[in-house]
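Residue numbers (my numbering), protein chains in the order written: chain A, 22 to 129; chain B, 1392 to 1508. The C-beta atom is built at its ideal place from N, Cα and C for all residues, glycine as well.
This is the structure in structure tokens:
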């Protein structure tokens, strides 16, 4: 599975958009980009995934660059409840290998 | 989204005893379930992949005789930590994937916190 690189931590003001970057320069053609988040002491929660095209759902938007070597997760209006560790994972239909993720702190 | 439950949510046991953790998919049938372990301040580490009706596939470095996995039905997988020791104290999390889905969305349970005294 391709490796991902994410910033260790980020801050965001409540109500503003949170933009979380992820580099995955060794991604293969059949690997999807997945985003999960983990709120403290809970199981991870699926957010969104994409292959080539940008995706949007009720939680977030996923922007994937044309060369697929990086992506950005956008939380359009961050709330305090969005404070969590966000994991960017690239994987084909197989295992999810979690990296260290980005610890997002949403501040009032 | 689909719901995955775990039982118990926390357990404390004495060193040398065995502990069983259950993982259930509540509203879908899961042919594949996964078991993870997470130590404090660390990321999730995949331990094994559990396929219904067949032997689990363990990740490198995970002792299959210590962490026994059984996936006897399409809605239940169990992880048994045998002869537990304090270093096995951790947060154990399972996940399940719906069959036939082309991508890899997994639904995670709430986790089980194991403390071995």
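I believe residue i touches residue j by the beta-carbon criterion, under 8 Å. Please report the beta-carbon distance rounded to the nearest angstrom.
i                      : j                      : result
residue 1467 (chain B) : residue 1458 (chain B) : Not really, about 17 Å apart at Cβ, beyond 8 Å.
residue 35 (chain A)   : residue 97 (chain A)   : Not quite, the Cβ-Cβ distance comes to about 13 Å (not below 8 Å), so this is no contact.
residue 1507 (chain B) : residue 1406 (chain B) : 6 Å
residue 1486 (chain B) : residue 1505 (chain B) : Not really, about 17 Å apart at Cβ, beyond 8 Å.
residue 94 (chain A)   : residue 41 (chain A)   : 4 Å
residue 84 (chain A)   : residue 75 (chain A)   : 5 Å
In the DSSP output, which residue or residues are listed as bridge partners for residue i?
i                      : result
residue 1434 (chain B) : Its beta-bridge partners do not exist; DSSP assigns none.
residue 66 (chain A)   : A:58
residue 1411 (chain B) : B:1471
Less than 8 Å between C-beta atoms, sequence neighbours within five positions excluded: which residues of the same chain meet that for residue i?
i                      : result
residue 1453 (chain B) : 1438, 1439
residue 1400 (chain B) : 1501, 1502, 1503, 1504
residue 81 (chain A)   : 56, 68, 69, 94, 95, 96, 97
In chain order, what residues of the same chain lie with their CB nearer than 7 Å to the CB of residue i, ignoring the 5 residues before and after it?
i                      : result
residue 1442 (chain B) : 1422, 1423, 1462
residue 1409 (chain B) : 1471, 1472, 1473, 1474, 1475
With DSSP as the reference, label residue i as helix, strand or coil.
i                      : result
residue 1488 (chain B) : strand
residue 1418 (chain B) : coil
residue 37 (chain A)   : coil
residue 72 (chain A)   : coil
residue 89 (chain A)   : coil
residue 42 (chain A)   : strand
residue 101 (chain A)  : helix
residue 1479 (chain B) : helix
residue 1394 (chain B) : coil
residue 1402 (chain B) : strand
residue 80 (chain A)   : coil
residue 110 (chain A)  : strand
residue 1456 (chain B) : coil
Return the chain-ordered list of same chain residues with a C-beta closer than 6 Å to the C-beta of residue i, the five sequence neighbours on each side being excluded.
i                      : result
residue 53 (chain A)   : 70, 72
residue 103 (chain A)  : 96, 127
residue 30 (chain A)   : 124
residue 106 (chain A)  : 59, 122, 124
residue 1477 (chain B) : 1507
residue 1482 (chain B) : 1429, 1502, 1504
Flag this pair as yes or no: are the beta carbons of residue i and residue j separated by less than 8 Å?
i                      : j                      : result
residue 100 (chain A)  : residue 27 (chain A)   : no
residue 1414 (chain B) : residue 1395 (chain B) : yes
residue 1501 (chain B) : residue 1420 (chain B) : no
residue 91 (chain A)   : residue 43 (chain A)   : yes
Hey, is residue i close to the ligand SAM, as in C-beta under 7 Å from one of its heavy atoms?
i                      : result
residue 1407 (chain B) : The model on display carries no ligand, and the ligand SAM is accordingly not part of it.
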